[in-house]
Structure formats: C-alpha cells, structure tokens
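Numbering (my numbering), first residue to last: 5 to 294.
These notes concern the structure reproduced below.
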Amino acid sequence: MNKQGTRRALGRGLSNLIPTQSEDQNGADEIHLIDLSSIKTNPFQPRIDFDEDEIKGLAESIENQGLLQPVVVRQKENSYEIISGERRFRAFNYLKREKVPCIVKTKVTDREMLELALVENIQREELNEIEKAIAYQKLLLECNYTHDQLSKQLGKSRTAITNSLRLLNLPDEIQQMVRKEQITMGHARALLAVEQTEKQLVLARKVVDEQLSVRDVEKETQGSKTEKKIKQPVEKKEKIDPDMADVLGRLRYKFGTSVDIKELSAEKGRIEINYFSKTDLVRLVDILLA
Numbered sequence: 005m006n007k008q009g010t011r012r013a014l015g016r017g018l019s020n021l022i023p024t025q026s027e028d029q030n031g032a033d034e035i036h037l038i039d040l041s042s043i044k045t046n047p048f049q050p051r052i053d054f055d056e057d058e059i060k061g062l063a064e065s066i067e068n069q070g071l072l073q074p075v076v077v078r079q080k081e082n083s084y085e086i087i088s089g090e091r092r093f094r095a096f097n098y099l100k101r102e103k104v105p106c107i108v109k110t111k112v113t114d115r116e117m118l119e120l121a122l123v124e125n126i127q128r129e130e131l132n133e134i135e136k137a138i139a140y141q142k143l144l145l146e147c148n149y150t151h152d153q154l155s156k157q158l159g160k161s162r163t164a165i166t167n168s169l170r171l172l173n174l175p176d177e178i179q180q181m182v183r184k185e186q187i188t189m190g191h192a193r194a195l196l197a198v199e200q201t202e203k204q205l206v207l208a209r210k211v212v213d214e215q216l217s218v219r220d221v222e223k224e225t226q227g228s229k230t231e232k233k234i235k236q237p238v239e240k241k242e243k244i245d246p247d248m249a250d251v252l253g254r255l256r257y258k259f260g261t262s263v264d265i266k267e268l269s270a271e272k273g274r275i276e277i278n279y280f281s282k283t284d285l286v287r288l289v290d291i292l293l294a
C-alpha cells in the first residue's frame, strides 16, 4: 500500500460512509427506522470502555431534542452492523426505544469497517491509551500500514506511536490501571524499565496506593536495576514457541483485549479471553457469534 493510496482511500471512506449533518438534512441518504434488536455493534470497534453517565447524558439530549444524526449501518445477511454511531445506538437502548433512525450503506468490506472504526476513534480522541495502542497495532498488522504512513495519516509522531505500542508489553493488570486512568502514560513508561513482571505489578500497585509521582517510580526502577546488578544472578528467559506467539498475537488483535493460551498437554489447552466490563463482554460475544 503506497502512502498516497492510503490517504485517498481513507479520506474517501470517511466522507462516503460517515455523512455530515448537512448531508442528512439535504436528504443525500435515505433514513430508515430499524429495530434495535436487528442491529449489532461494530465487531471492529476499538473502544472498549463506554462511560455510562455519558450515554445517559446523550439519551437525555435525544429525549429533549431528538436525534441530530442517524446511526450509519451496513446490512449483513438478516441483520445490520454499526459503522458509525454506537453511542447513539446505546442511548436509544437506554431509552428503551424499539427503533432507531439509520442510514444503510452497501458494499462496505470488513477491511473498510476496521479501518474506519480505528481511524475515526483515534482522530476524535475517544480512546483511552490502551485502546489507542491496540488500534495502532491493528492498523499496522491488519491494514498493512507502515509506521511512517500511520504517523502522517494520524498526525502523530512516530515516537508517540512507538511509545503507545509499548504499553501492550505490560501485564494485563497494569494495562487496566492505564485504561482506568489510575496511572498515567508516564508511570507506564517508567514501569516498562522493570524487567520482571512481578516487580512491575508490585510497583504499579504501590503507585496507586501511595499516589507516587512518575519521578518516584523512576527512582524505584533505577534502584531495582542497581540491586539486580549486585545481587541477582542472570535468569534464563523462557523460550516462547514462535507459532504459539503468532497465534496469541492474532487472537489479541482480533478481540481487542488480553487473551491467554494455557497449554495443558502436548495436544490440549485452553484459550482465555478476558473482559473488563459488561459492555466489553457484549462486544466480545458479538465478535464470537458474528
């Protein structure tokens, strides 16, 4: 994919698939009233956490002023999938409405759905830092962006994108702390300097409990490194099966959440897909049943 081709395709997709309010008012797209029970959330939605108070506020606005912009969907077999407007869809659910105004788009591929969902959310700054990192990873691996293309397309520096991607190397518990804004990106970057997972977790919990600053964490990590040089023997790193690592990576990108594979024997094992809210669970079920 060349750089110019990427930008043209994305610009065309956003303008064609996500109409502006003026286009809606001018009747550029026909609006259909569709049963909420027939609509599924976007399986490629990178946003995992939806603020319930925010949804309630939007529902009150819709109740008082009506819906200013329809939900955009694509038809898939006997149901519909949301392209844009999941917050509006959730607000209608909260109001216990049976139908929601929609614009139905045709010939929208999975690739376009993924790319639009990721870029729209990143550009609107609607994602937390972990969701953003997962979105960058998907654009790189599933949409075949290069780091340079991603940087230019999103107006982000390569350093910012690289630092964001490094968050995915942290243990799941720490990633959840970042998602919940219990610790900052600065804390997370400092924790990445700690090599042992257990020590990362202990220090991260200490940050939350004692409200440590980023500088405090950096001092702790420097002390840990010095102590290891003096006292700790060099530990052998456990070898990871490259094929298993590839499978695990693909599963994590597919579901947009932490996934673990537990090998019980040479032929048997267990896949664990983690969710962190009821909203997250519904999103994962939609993906599994799609």
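Note that the Cβ used here is the ideal one computed from N, Cα and C, for glycine as well.
What you are looking at is a predicted structure, and each value in this text was computed from that prediction instead of being measured.
Check: What's the call for G2, buried or exposed, on a 16-neighbour Cβ count within 10 Å?
Finding: In this structure the chain extends from 5 to 294, so residue 2 is not present and cannot be described.
- Task: Report the rounded CA-to-CA distance for F96 versus S42, giving the unit in angstroms.
- Result: If you number the sequence shown from 1, residue 96 lands on position 92. If you number the sequence shown from 1, residue 42 lands on position 38. Approximately 13 Å, taken between the alpha carbons.
Using 8 Å as the cut-off, can you tell me whether the region 164 to 173 makes contact with the region 187 to 194, which would need three or more C-beta pairs spanning the two stretches below that distance? yes
CA-CA distance, P47 and V75? Locating residue 47 in the sequence shown gives position 43, counting from the first residue. Locating residue 75 in the sequence shown gives position 71, counting from the first residue. Computed Cα separation, rounded: 15 Å.
- request: Measure the alpha-carbon distance for Q69 versus D33 and round it to whole angstroms.
  value: As a first step, residue 69 must be located in the sequence shown, where it is residue number 65. As a first step, residue 33 must be located in the sequence shown, where it is residue number 29. One C-alpha to the other measures close to 21 Å.
Margin query: Among the candidates T225, E85 and K44, whose CA atom is the shortest distance from the CA of V206?
Written below: Position 202 of the sequence shown, counted from the start, is the residue given in the question as residue 206. For V206, the nearest C-alpha among the options comes from T225.
Is the region 126 to 138 in contact with the region 102 to 117, if contact means three or more CB pairs nearer than 8 Å?
no
Query - Local Cβ density within 10 Å of G89, reported as buried at 16 or more and exposed below that - result: By 1-based counting over the sequence shown, the position of residue 89 is 85. G89 comes out buried.
*asked:* Can you look up K233 in the DSSP assignment and give me helix, strand or coil?
replied: Within the sequence shown, residue 233 is the residue found at index 229, counting from 1. Residue confidence is low: K233 scores 49 on pLDDT, short of 50, so the model does not pin down where it sits. Its coordinate-derived value is still stated next. Note: K233 maps to helix in three-state DSSP.
- For the candidate residues V123, R51, L154 and L288, whose alpha-carbon lies nearest to that of V263? Within the sequence shown, the letter at position 259 stands for residue 263. Of V123, R51, L154 and L288, the residue nearest in Cα terms is L288.
Where does E267 fall in DSSP's three states?
Numbered from its first residue, the sequence shown carries residue 267 at position 263. Residue state, collapsed to three classes: strand.
_Secondary structure of G70, DSSP reduced to three states_ = Here residue 70 is taken as the residue at index 66 of the sequence shown, counted from 1. Three-state result, G70: coil.
Practice item. Closer than 8 Å by C-beta to I178: which residues in its own chain qualify, once you throw out the five before and the five after it? Chain order, please. Key: For this step, residue 178 is matched to residue 174 along the sequence shown. Contacts found: I187, A192, L195, Q204, L205 and A208.
Name the residue from D213, V198 and R94 whose alpha carbon lies nearest to the alpha carbon of K223.
-> Along the sequence shown, one-based indexing puts residue 223 at 219. When only C-alpha atoms are compared, the closest one is V198.
Span separating the alpha-carbon of L62 from that of H36 = As a first step, residue 62 must be located in the sequence shown, where it is residue number 58. As a first step, residue 36 must be located in the sequence shown, where it is residue number 32. One C-alpha to the other measures close to 21 Å.
- Task: Would you be able to state if there are at least three C-beta pairs under 8 Å between the region 81 to 88 and the region 150 to 170?
- Result: No, they do not touch.
Quiz item: Considering only the beta carbon of each residue, do E130 and R183 sit closer than 8 Å?
Solution: One-based indexing of the sequence shown puts residue 130 at position 126. One-based indexing of the sequence shown puts residue 183 at position 179. Going by C-beta atoms, E130 is not nearer than 8 Å to R183.
Do R78 and K100 have their CB atoms nearer than 8 Å? If you number the sequence shown from 1, residue 78 lands on position 74. If you number the sequence shown from 1, residue 100 lands on position 96. No, Cβ-Cβ distance for R78 and K100 is not below 8 Å.
Hey, could you find the ends of the alpha helix (DSSP H) Q127 is sitting in? For the purposes of this step, residue 127 is identified with residue 123 of the sequence shown, where counting begins at 1. It spans D114 to Q127 - the alpha helix (DSSP H) in which Q127 sits, taken as one unbroken run.
message = Is it buried or exposed, V113, if we count other Cβ atoms within 10 angstroms and call 16 or more buried?
response = Along the sequence shown, one-based indexing puts residue 113 at 109. It is worth fixing the name first, because residue 113 is Thr in this sequence and not Val. Exposed, since its Cβ has fewer than 16 Cβ neighbours within 10 Å.
Span of the alpha helix (DSSP H) holding D33? Reading the sequence shown from its first residue, position 29 is the one you call residue 33. Where D33 is concerned, there is no enclosing alpha helix (DSSP H), given that its DSSP letter is neither H nor E.
Between D220 and K210, what straight-line distance do the alpha-carbon atoms span, to the nearest angstrom?
Residue mapping note: residue 220 aligns to position 216 of the sequence shown, counting from 1. Residue mapping note: residue 210 aligns to position 206 of the sequence shown, counting from 1. When rounded, the distance between both Cα atoms is 11 Å.
### Task
For L216, I'd like the list of residues in its chain whose CB is within less than 7 Å of its CB, leaving aside the five on either flank, ordered along the chain.
In the sequence shown, the residue the question calls residue 216 occupies position 212. So the qualifying residues of the chain are K210.
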